[in-house]
Amino acid sequence: NERASEVFNHPGRRHKGANAALKILGIMQTSCILPDAITCSHVLSTFDRQKEWKAAIAMLKSMEKRKPFDSKLPIWYLPEPNLYAYSAAISACARCCEFNEAMKVLQRMQKRGLETNTWVYNAALSACVSPVKKNRQKRVQTALFLLDKMKSGPEHSAPDTVSYNTVLATMEGMGEIIRDEKGCRIGEVTETHVQNGKWIPSESFVSYILKEMNSSDIPRDALTYHNAIKASRYSSKAIFQFLHEAANEVSMFRENDVA
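In this text, residue positions in the sequence shown follow my numbering: the first is 9, and each later residue adds one.
This is the structure:
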């Protein structure tokens, strides 16, 4: 597996991405060398960067079932997926705006008894961000639900700045947000939940999130306010308020921050 990483990271092969990763698995297969979870996670990360979400899902399913990669070589199996493997698969779906697929992967991971940490949750939250208008309320609802799960979960799954920034990003261009009060599981936010929810101005949600970050001692950076303002585009009063708050935190607007 160390040799596989060395071959893959060779400067002359890195640009080949997913194809190079698959070739390495093929070499390991013909040599009857079983890959470990780290090697497979590297391959899944490659699929993520190359936006090959279907390949990532197919490989993850093979890892879950521990099926032989080739019926002619029954002794060659893929290892069981770890948190990193699931996170890479979710991220691959997120890059391709495959929201439903990302939620399905998260559900499967939790059914296998793996504890979701902040890293995995953030990958799932990123899948809720999309320029596509279809199902936007459902994605926002799911993001808020995931955030609630993170806040009520153990310390290793607690939300961070990235979590809150991503939730704010899901609200871009929304005039009102529906806060579902009936409760639902991941991936089960339906139009019924949307219809039975309570309509709340998006800027009210944004204001609440910023206050919650402050009370929880979670740092707010330039991207926080960037997303907050974009989510409050229909309220000039809220925009000026967030600009004022941002101005009072001058330290965040450094050279490398996102304006």
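We put the CB at the ideal spot given by N, CA and C, even for glycine.
Report yes if the C-beta distance between Ala239 and Glu163 is below 8 Å; otherwise report no.
The residue you call residue 239 lines up with position 231 of the sequence shown. The residue you call residue 163 lines up with position 155 of the sequence shown. Not closer than 8 Å, so no.
Tell me where the alpha helix (DSSP H) around Tyr242 begins and ends.
By 1-based counting over the sequence shown, the position of residue 242 is 234. Following the DSSP letters along the chain, one finds Tyr242 in no alpha helix (DSSP H), marked with neither H nor E.
What is the rounded straight-line gap between the Cα of Asn108 and the Cα of His50?
Counting from one through the sequence shown, the residue named residue 108 turns up at place 100. Counting from one through the sequence shown, the residue named residue 50 turns up at place 42. Distance between the alpha carbons of Asn108 and His50 is about 24 Å.
Figure out for me which residue from Ala29, Ser223 and Val214 has the closest Cα to the Cα of Thr54.
Start at 1 with the first residue of the sequence shown, and residue 54 comes out as number 46. It is Ala29 whose Cα lies nearest to the Cα of Thr54.
For the alpha helix (DSSP H) that Met221 lies in, which residues bound it at each end?
Numbered from 1 along the sequence shown, position 213 holds the residue referred to as residue 221. From DSSP, the alpha helix (DSSP H) with Met221 extends over Ser210 to Ser223.
Bounding residues of the alpha helix (DSSP H) (the contiguous stretch that carries Trp84)
Sequence index remark: in the sequence shown, residue 84 carries index 76 (1-based). No residue range can be given for Trp84, since it is assigned to no alpha helix (DSSP H) and is classified by DSSP as neither H nor E.
Between Lys159, Gln145 and Glu106, which lies nearest to Thr178 when the distance is taken from Cα to Cα?
Position 170 of the sequence shown, counted from the start, is the residue given in the question as residue 178. Nearest to Thr178 by C-alpha distance, out of Lys159, Gln145 and Glu106, is Gln145.
Rounded to whole angstroms, how far is the Cβ of Leu114 from the Cβ of Ala132, which I believe are closer than 8 Å?
Position 106 of the sequence shown holds residue 114. Position 124 of the sequence shown holds residue 132. Here Leu114 really is in contact with Ala132; their C-beta atoms are around 5 Å apart, less than 8 Å.
Residues near Gln249 by beta carbon distance below 7 Å, same chain, minus five either side
Working through the sequence shown from its first residue, we reach residue 249 at position 241. Exclusion of the five residues before and after Gln249 leaves no residue of its chain whose Cβ lies closer than 7 Å to its Cβ.
I'd like the list of long-range same chain contacts for Asn235, defined as Cβ closer than 6 Å, with 5 residues on each side in sequence excluded.
For the purposes of this step, residue 235 is taken as the residue at position 227 of the sequence shown. Excluding sequence neighbours, Asn235 sits near Asn173, Leu176 and Ala177.
For Gln58, the nearest candidate out of Ala97, Asn125, Pro89 and Asp156 (CA to CA):
The residue you call residue 58 lines up with position 50 of the sequence shown. Measuring from the Cα of Gln58, the nearest candidate turns out to be Ala97.
Could you check the C-alpha separation between Asn264 and Gly34 for me, to the nearest Å?
On the sequence shown, residue 264 is found 256 positions in, with the first residue counted as 1. On the sequence shown, residue 34 is found 26 positions in, with the first residue counted as 1. Confidence at Asn264 is low in this model, with a pLDDT of 47, below 50, so the placement of that residue is unreliable and no value is reported for it.
Between which two residues does the alpha helix (DSSP H) containing Ile41 stretch?
Working through the sequence shown from its first residue, we reach residue 41 at position 33. In the DSSP assignment, Ile41 falls outside any alpha helix (DSSP H), carrying neither H nor E.
Using only the alpha-carbon positions, how far apart do Ser134 and Met36 sit?
In the sequence shown, counting from the first residue as 1, residue 134 sits at position 126. In the sequence shown, counting from the first residue as 1, residue 36 sits at position 28. Computed Cα separation, rounded: 33 Å.
Between the beta-carbon of Ser70 and the beta-carbon of Leu52, is there less than 8 Å?
Counting from 1 along the sequence shown, the entry for residue 70 is found at position 62. Counting from 1 along the sequence shown, the entry for residue 52 is found at position 44. The beta carbons of Ser70 and Leu52 sit no closer together than 8 Å.
Can you give the Cα-Cα distance for Thr200 and Ser95, rounded to whole angstroms?
For the purposes of this step, residue 200 is taken as residue 192 along the sequence shown, with counting starting at 1. For the purposes of this step, residue 95 is taken as residue 87 along the sequence shown, with counting starting at 1. Residue placement at Thr200 is poorly supported in this model, since its pLDDT is 44, which falls under 50; the coordinates still yield a value, given next. Distance between Thr200 and Ser95, taken at the CA atoms: about 29 Å.
Where the alpha helix (DSSP H) through Ala166 begins and ends:
One-based indexing of the sequence shown puts residue 166 at position 158. Note, Ala166: premise wrong, no alpha helix (DSSP H); not H, not E.
Excluding five sequence neighbours on each side, which residues of the same chain lie with their C-beta closer than 6 Å to the C-beta of Ala117?
Residue 117 sits at position 109 when you count from the first residue of the sequence shown. First, the residue type needs correcting, since residue 117 is Met and not Ala in the sequence shown. Taken in chain order, the residues that qualify are Tyr94.
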